[in-house]
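Residues in the sequence shown are numbered consecutively from 538, following this note's numbering.
In what follows, a structure is listed as structure tokens, so that the remarks can point back to it.
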Amino acid sequence: MRSSEFLNVSVLNTHINKKTIIKENRRKYYSLRYKKGLLKNFMNRRASYFEGFYGKHLPQPFLKSTFTEIWQAEEELLKKSSSKRFREPLCLTQYLFRYWQLAHGNFNPKNPEGRGVYFNLSSSNINEAIKTLSNGTAQACFNDTEKLHDFEKVTTTLRNAFEMRLGHKSSFEI
């Protein structure tokens, strides 16, 4: 677990009672939709605090009320984190807001494996990544990394695939 993730979960745990929250949202935490994830939730049920959350690096909906709650609860830490020009290891991140919503039961159970796909792009997986543009995958995240040695080739290939898939501008872009 990275230090920023540890800080996010630690801040969350200072504001909630896990056992009470889970008792109030039992059907959400122990849903059969999680498949393998249900076993992990069940095994962690006795812990008195949240140890972390599964993340797929995909879009996350937020409630405005979540931002208000957290800013009221942790204004000083959030100001310190947002004043940094670049993220540092001990800065809060947007994942605190996600974890807060999950911990308070503000979600609908869904198998995270079925939501979408995530790629750290490389020349070895670019063809697989491009297939997701035409196979009906609802959400896809394509990231470049410092390990991407053939950046120009991979990004040109991906850009061409997007042009083929999304070649026409939508009405709000015109």
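Beta carbons: idealized from backbone N, C-alpha and C, even for Gly.
Item, Value
"Between the CA atoms of residue 638 and residue 606 - distance to the nearest angstrom", "10 Å"
"Three-state secondary structure assigned by DSSP to residue 567", "coil"
"For residue 655, the residue or residues it bridges with in DSSP", "678"
"For residue 544, three-class secondary structure by DSSP", "helix"
"Cα-Cα separation, residue 576 to residue 621", "39 Å"
"The stretch 667 to 684 / the stretch 591 to 598 touching (three or more Cβ pairs under 8 Å)", "yes"
"C-alpha distance - residue 628 paired with residue 549, whole-angstrom precision", "14 Å"
"Coarse secondary structure for residue 593, derived from DSSP in three states", "coil"
"Buried or exposed (CB count within 10 angstroms, at least 16 for buried), residue 584", "exposed"
"Contacting residues, own chain, Cβ-Cβ under 8 Å from residue 636 (five flanking each side not counted)", "545, 546, 549, 587, 590"
"Validate contact between the stretch 692 to 701 and the stretch 659 to 670 using beta carbons, cut 8 Å, 3 pairs", "yes"
"Per-residue burial, residue 640 [other beta carbons within 10 Å of its own, 16 or more giving buried]", "buried"
"Exposed unless 16 or more other CB atoms sit within 10 angstroms - verdict on residue 633", "buried"
"CA nearest to the CA of residue 659, picked from 667, 653, 652", "667"
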